[in-house]
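Let me begin by presenting the structure, written as structure tokens, before commenting on it.
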Amino acid sequence: MVDPKPTLDINTDLARAILIDFLATEIRRAGFERAVLGLSGGLDSTLACYLTAEALGPQNVLAVRMPYRTSAPESLEHAGLVIQASGVQELTIPISDMVDPLLAHVPEGETVRRGNIMARARMIILYDQSAATGGLVVGTGNKTEILLGYTTLYGDSACALNPLGDLYKTQVRQLARAIGVPEVILAKAPSADLWKGQTDEAELGFTYAEVDRLLVLLVDGRYSPQACVEAGFEEAFVRAVIERIRRNQYKRALPLIAKLSNRTVGYDFLYLRDWGT
Amino acid sequence: MTHVTIALAQIKTRLGDVQANLAKHLELIDEAGRRGADLVVFPELSLTGYVLQDLTPTVAHRAESQDPVFQPLLQASRSIDILVGFVEGDVRHRFYIAAAYLSRGEVLHVHRKVYLPTYGLFDEGRFFAWGDQIRAFDTRFGRFGVLICEDFWHASPPYLLWLDGADVFLFISASPGRGLNGEDRLESARWVEQINQAYASLFTAFVAHTNRVGFEDGLNFWGGATVFDPNGVCLAQGPYHEEALTLADLDLAQLNRTRTRLPLLRDERTALVQRELERILRRGEKSEG
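Read top to bottom, the protein sequences are chains A and B. In terms of our numbering, the first sequence opens at residue 1 and continues consecutively. In terms of our numbering, the second sequence opens at residue 278 and continues consecutively.
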């Protein structure tokens, strides 16, 4: 009997096969053989690295480690484990020298501004490596953070294609476990590692396990807020999550173009990126 | 003719590149013929790709002998029957999602998709005109019916084909894979397989379905061609997500055996359906008025 409620449980073999095929097909279709990705040593970038290595061959994947002086030392180590296990090419470019002159003008307490600067500095490095190596930038953002807007616009969200964007964090974890991601990476608390002691769940104010169970009802199951409350979620939590999704819609959309002509990019000039391929 | 061998092609297409897709069709038609098929069936919009959007008018053709794309297909149909998916542009410059059945150098039938999904991830009604006919047609193997994807998500088009004499249903799709859960296949695959098996059982007929594979941007197409016999038994199944040419031998004498055991067609009360449908529609008119 299939549970009529939308579920977070996924067939990991099927997910893996589709995502590997997606990466291989769409990267090659765009005329590329290689990929570049930022590898933090966290769960998302680790899974993206494994999948991309399997799709293109590890010799065609460049994993870039970009630590800042306050980054947790174990992040670098964990990324090293992934590089070793997956066999991908590796490059380490610390961002401290690059961002410190800019951060000197940003008060210590303004953690969001400081975090955004670091995330965007990493984006600059990845896109430079993309040009240098002829590899497309593979994104590592998951569905939970995309919906919640827990991402830096033009920073960690910048990529050419994203294999994980339709998997909630809980599902990323399930797939990562099935693929054989090292236990130490599965076990640690998710963190953007933008400042010391930062964890996603402390910053968000709820756990991924909790919010994913709500999101799968709201988004995938199209449950009304009231139905979510009836399903056992606190009303204030439901309202806060819905508001967060709404407020961050701009991060999921291309910049607005003011329509003037009869045919405008985005409104009535409509083609897939795969046009002609 | 008591047997027909159908080859179900599940292919990747190049989006908007009709010439490249035509070349692939001709290769597969040749392969199907060499493997002993009598008929080769291609997916929805097999000559063009699926999410065409503003490419629609640039890929339109007409199923006629002067058409540069249909000319070689008609030539190839002299040795094997072909069902091909394309964008049909009519003389008034309307565009349809269409499928043409070609046999012995002739166009036997063109079906224009009557249900254009325009919801969720689908936007067909924005770019295409709605077909307005559901007709079975005679082939050298018996009477067939063709439907395109959303057409058979509705129960009435297969039902009409059944009453119009179709014993072999050819269903073609460009069905994006969706609904990943803990099950062994995507929800979209499970749903289509269930209904096709149900149609075969309910109409005691053969139901052959083929679907695209490959990607268009982030959409995957899941393939998984199937043939169900009049007992609802799966005769052949193609792989998921891979290109394949899946052959199935249809023993048309099974129609006789199944319908002797289970005379659903004989007992179908079409006059009752008509009477009740007219009543229901009259009532609808009243309540809407």
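Virtual Cβ for every residue (Gly too), placed ideally from N, Cα, C.
Just tell me which of B/I557, B/D315, B/D494 has its CA closest to the CA of B/T290.
Taking the second sequence and counting its residues from 1, the one referred to as residue 290 of chain B is at position 13. It is B/D494 whose Cα lies nearest to the Cα of B/T290.
Just mark A/S40 as buried or exposed, buried being the case when its beta carbon has 16 or more other beta carbons within 10 Å.
What you label residue 40 of chain A is simply residue 40 of the first sequence in a count that begins at 1. Under this definition A/S40 is a buried residue.
Kindly list, in the order they appear in chain B, the residues whose Cβ is closer than 9 angstroms to that of A/E26.
Sequence index remark: in the first sequence, residue 26 of chain A carries index 26 (1-based). Within 9 angstroms Cβ-Cβ: F492, D494, G495.
Taking the C-alpha atoms as reference points, what is the distance between B/T282 and B/H486?
Walking along the second sequence from the start, residue 282 of chain B turns up at place 5. Walking along the second sequence from the start, residue 486 of chain B turns up at place 209. When rounded, the distance between both Cα atoms is 14 angstroms.
Closer than 9 angstroms by beta-carbon distance: list the chain B residues that pair up with A/F22, in chain order.
By 1-based counting over the first sequence, the position of residue 22 of chain A is 22. The answer, in chain order, is F492, G495, N497.
On the DSSP letters alone, give me the boundaries of the beta strand (DSSP E) that B/C426 sits inside.
Counting from 1 along the second sequence, the entry for residue 426 of chain B is found at position 149. First-last for B/C426: undefined, no H or E at that position.
Between the beta-carbon of A/Q129 and the beta-carbon of A/L91, is there less than 8 angstroms?
Taking the first sequence and counting its residues from 1, the one referred to as residue 129 of chain A is at position 129. Taking the first sequence and counting its residues from 1, the one referred to as residue 91 of chain A is at position 91. Yes, the pair counts as a contact, with Cβ atoms nearer than the cut-off.
Which class does A/T199 belong to by DSSP, given the choice of helix, strand or coil?
To locate residue 199 of chain A, count along the first sequence from 1; it is residue 199. Coil.
Return helix, strand or coil for B/Y373, following the three-state DSSP convention.
Here the question's residue 373 of chain B lines up with position 96 in the second sequence. B/Y373 falls in the strand class under three-state DSSP.
Can you round the beta-carbon distance between B/D358 and B/S380 to whole angstroms, since I take them to be within the 8 angstroms contact cut?
Taking the first residue of the second sequence as position 1, residue 358 of chain B is located at position 81. Taking the first residue of the second sequence as position 1, residue 380 of chain B is located at position 103. With 8 angstroms as the limit, B/D358 and B/S380 qualify as a contact, their Cβ atoms being about 4 angstroms apart.
Using the three-state DSSP reduction, which class does B/D344 fall into: helix, strand or coil?
As a working note, residue 344 of chain B is residue 67 in the second sequence. Of the three classes helix, strand and coil, the one that applies to B/D344 here is coil, per DSSP.
Output the boundary residues of the alpha helix (DSSP H) element that contains A/G80.
Against the first sequence, residue 80 of chain A aligns to sequence position 80. From DSSP, the alpha helix (DSSP H) with A/G80 extends over 73-86.
Residue span of the beta strand (DSSP E) that contains B/G402, given as start and end
For the purposes of this step, residue 402 of chain B is taken as the residue at position 125 of the second sequence. Unbroken run through B/G402 is the alpha helix (DSSP H), 401-404; no beta strand (DSSP E).
Can you tell me whether DSSP reads A/G139 as helix, strand or coil?
As a first step, residue 139 of chain A must be located in the first sequence, where it is residue number 139. In the structure shown, A/G139 sits in coil (DSSP, three-state: anything other than H, G, I, E or B).
Report, in whole angstroms, the separation of the C-beta atoms of B/V510 and B/F483, which I expect to be a contact under 8 angstroms.
The residue given as residue 510 of chain B occupies position 233 in the second sequence. The residue given as residue 483 of chain B occupies position 206 in the second sequence. Their Cβ separation, rounded to whole angstroms, is 11 angstroms, which puts B/V510 and B/F483 out of contact at 8 angstroms.
With burial defined as no fewer than 16 other Cβ atoms inside 10 Å of the residue's Cβ, what is the status of B/Y378: buried or exposed?
Within the second sequence, numbered from 1, the residue matching residue 378 of chain B stands at position 101. It is buried - the Cβ of B/Y378 has at least 16 other Cβ atoms within 10 Å.
Can you find a C-beta in chain A that's less than 8 angstroms from the C-beta of B/R534?
Position 257 of the second sequence, counted from the start, is the residue given in the question as residue 534 of chain B. Not an interface residue.
Please list the partners that B/V328 has in chain A, where partner means a Cβ-to-Cβ separation under 7 angstroms.
Residue 328 of chain B sits at position 51 when you count from the first residue of the second sequence. Here the neighbours are L272.
Beta-carbon contacts of B/P435 that lie in its chain and below 6 angstroms, excluding the five residues immediately before and after:
Residue mapping note: residue 435 of chain B aligns to position 158 of the second sequence, counting from 1. Contacts found: F429, Y476.
Could you give the residue range of the alpha helix (DSSP H) that holds B/Q296?
Within the second sequence, residue 296 of chain B is the residue found at index 19, counting from 1. Its alpha helix (DSSP H) spans residues 295-311.
Any beta-carbon of chain B closer than 8 angstroms to the one on A/T7?
The count along the first sequence starts at 1 and reaches residue 7 of chain A at position 7. For A/T7, the answer is yes, since a Cβ of chain B falls inside 8 angstroms of its Cβ.
With the cut-off set at 8 angstroms, would you say B/S323 and B/I374 are in Cβ contact?
Position 46 of the second sequence, counted from the first residue, corresponds to residue 323 of chain B. Position 97 of the second sequence, counted from the first residue, corresponds to residue 374 of chain B. In this structure, B/I374 does not lie closer than 8 angstroms to B/S323 by Cβ.
Residue closest to B/H302, alpha-carbon to alpha-carbon, out of B/Q348, B/Y392, B/L393, B/T333:
Within the second sequence, numbered from 1, the residue matching residue 302 of chain B stands at position 25. It is B/Q348 whose Cα lies nearest to the Cα of B/H302.
Segment limits, alpha helix (DSSP H) that includes B/N473:
In the second sequence, residue 473 of chain B corresponds to position 196, counting from 1. Where B/N473 is concerned, the enclosing alpha helix (DSSP H) stretches over 464-479.
What residues are listed by DSSP as bridge partners for B/C511?
As a first step, residue 511 of chain B is located in the second sequence; it is residue number 234 there, counting from the start. Answer by DSSP bridge pairing, in chain order: B/F505.
Alpha carbon to alpha carbon, how far is B/L554 from A/P225? Give it in angstroms, no decimals.
For the purposes of this step, residue 225 of chain A is taken as residue 225 along the first sequence, with counting starting at 1. For the purposes of this step, residue 554 of chain B is taken as residue 277 along the second sequence, with counting starting at 1. Rounded to the nearest angstrom, the two C-alpha atoms are 39 angstroms apart.
Span separating the alpha-carbon of A/V138 from that of A/C49
Position 138 of the first sequence, counting from 1, holds the residue named residue 138 of chain A. Position 49 of the first sequence, counting from 1, holds the residue named residue 49 of chain A. Distance between the alpha carbons of A/V138 and A/C49 is about 9 angstroms.
Between the region 300-324 of chain B and chain A, which residues of the former have a C-beta closer than 9 angstroms to a C-beta of the latter?
none
What in chain B is Cβ-close to A/G276, meaning under 8 angstroms?
Position 276 of the first sequence holds residue 276 of chain A. Result: R291, L292, G293, D294.
Would you check if the distance between the CB atom of B/L305 and the CB atom of B/A286 is smaller than 8 angstroms?
As a position in the second sequence, residue 305 of chain B is number 28, starting the count at 1. As a position in the second sequence, residue 286 of chain B is number 9, starting the count at 1. It is a contact, given that the beta carbons lie within the stated cut-off.
Measuring alpha carbon to alpha carbon, tell me which of A/D212, A/E108, A/A240 ends up nearest A/K196.
Residue mapping note: residue 196 of chain A aligns to position 196 of the first sequence, counting from 1. A/K196 has its Cα closest to that of A/E108, out of A/D212, A/E108, A/A240.
Could you check whether the region 167-184 of chain A touches the region 252-272 of chain A, counting it as contact only if at least three pairs of C-beta atoms, one from each stretch, sit closer than 8 angstroms?
no
Residue-chain proximity (B/L332, chain A), Cβ-Cβ < 8 angstroms:
In the second sequence, residue 332 of chain B corresponds to position 55, counting from 1. Yes - at least one Cβ of chain A is within 8 angstroms of the one on B/L332.
Given A/T70, which residues of its chain have a CB within under 7 angstroms of its CB, disregarding the five upstream and five downstream residues?
Taking the first residue of the first sequence as 1, we reach residue 70 of chain A at position 70. Closer than 7 angstroms at the Cβ level, and outside the excluded window around A/T70, lie W195, K196.
Using the beta-carbon count (16 or more within 10 Å), is A/I10 buried or exposed?
Locating residue 10 of chain A in the first sequence gives position 10, where the first residue counts as 1. That one is buried.
Measuring CB to CB, does A/V61 end up less than 8 angstroms from A/I125?
Counting from 1 along the first sequence, the entry for residue 61 of chain A is found at position 61. Counting from 1 along the first sequence, the entry for residue 125 of chain A is found at position 125. Taking 8 angstroms as the Cβ cut-off, A/V61 and A/I125 do not qualify as a contacting pair.
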